[in-house]
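In what follows, a single structure is set out as structure tokens and then discussed.
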Amino acid sequence: MQQEVSAATNNQSQKRQIPTLFFHGFGGTVHSMDYLIDQSQADGFATRTLTIFVSPKGKLSFDGRWPKSAKNPEIQILFGNNHESDYHQTAKWINSIVKMLHRKYGVTRFNAVAHSWGNNAVMYYLEKYSDNKDQPQIDSLVNIAAPMQVLNHNIYRRNDWRYSPQLTKDFRSYMAPDSVIHKLHIRELNIMGQLSMKDHFDKAVPVSSAKSLKKVFKGPHQTYEARLFTGHRAEHSALTRRNPRVLHDIESFLWERNK
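Per the numbering used here, the sequence shown starts with residue 1323, numbered consecutively.
What follows is the structure in structure tokens.
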């Protein structure tokens, strides 16, 4: 991808609307979040602007344009190593992205939409890096199918990080009253999937694992909302790729208040 940063992007005095960053999950591709991004634009809520590609070594490449007039700009994040299990490493890359957006576009606040394993990277980023007073701060967060607890081996077989004690250790730190996340000014929407009344999971993440986020967002300047979707369109990947009800709730949560 070509890097395209015009001279106008360096003028931090030119105010832009809060961008929304979209993070795919483990094994995610350019198609993972396309439906949410493109349909939000088609519905008149937002504008697709930049795509940021992160190489396996962490180098950032920008593609696209972010005009000052863009309404609720959407930025797609693509990781070259889309099978990186270590979300601590992915969080470092997110930190680089946010800092770059601050330097080149004057971003001071942002929204995030994360799917699956991408949630773990975003959450760790918030806890590890967002206490820097010069760091752009998160405004609103949408977690989709978040595997926040150690998962069943029969569901996830592909890598040990999903069963690592580190996952539990990090989650406990998020819940602590003195955690960085607890102090953030943030609105959170938790979207979960359940295939049927008998199957308490979305084919990958148990409802109980995703639901545990309720224990995190209890700070004095925080709001928490949850949506549980059922049926075949509540399957793990379908939640972001072909569920118009999920799209509607995200549009309403992020942007309807700004109309």
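Idealized CB from N, CA, C, for every residue including glycine.
{"Item": "Cβ pair count under 8 Å reaching 3, the region 1450–1464 against the region 1362–1377", "Value": "no"}
{"Item": "Same chain, Cβ closer than 6 Å to F1493, neighbours up to 5 away in sequence not counted", "Value": "M1470"}
{"Item": "The beta strand (DSSP E) enclosing E1510, as first and last residue numbers", "Value": "1508–1516"}
{"Item": "Euclidean distance between Cα positions of V1429 and D1356", "Value": "23 Å"}
{"Item": "DSSP three-state assignment for P1647, whether helix, strand or coil", "Value": "Nothing about residue 1647 can be read from this structure; the chain reaches only from 1323 to 1581."}
{"Item": "Backbone CA spacing between L1550 and I1572 [nearest angstrom]", "Value": "13 Å"}
{"Item": "Inside the region 1347–1398 only - alpha helix (DSSP H) runs reaching at least 4 residues", "Value": "1356–1364"}
{"Item": "7 Å CB neighbourhood of Y1496 in its chain, flanking five on each side removed", "Value": "M1445, E1449, I1503, V1538"}
{"Item": "Neighbourhood of E1406 by C-beta, 7 Å cutoff - its chain only, sequence neighbours within 5 removed", "Value": "T1412"}
{"Item": "Buried/exposed call for M1514, threshold 16 Cβ in 10 Å", "Value": "buried"}
{"Item": "Cβ neighbours of R1509 in the same chain (closer than 6 Å, five flanking residues each side left out)", "Value": "S1462, T1545"}
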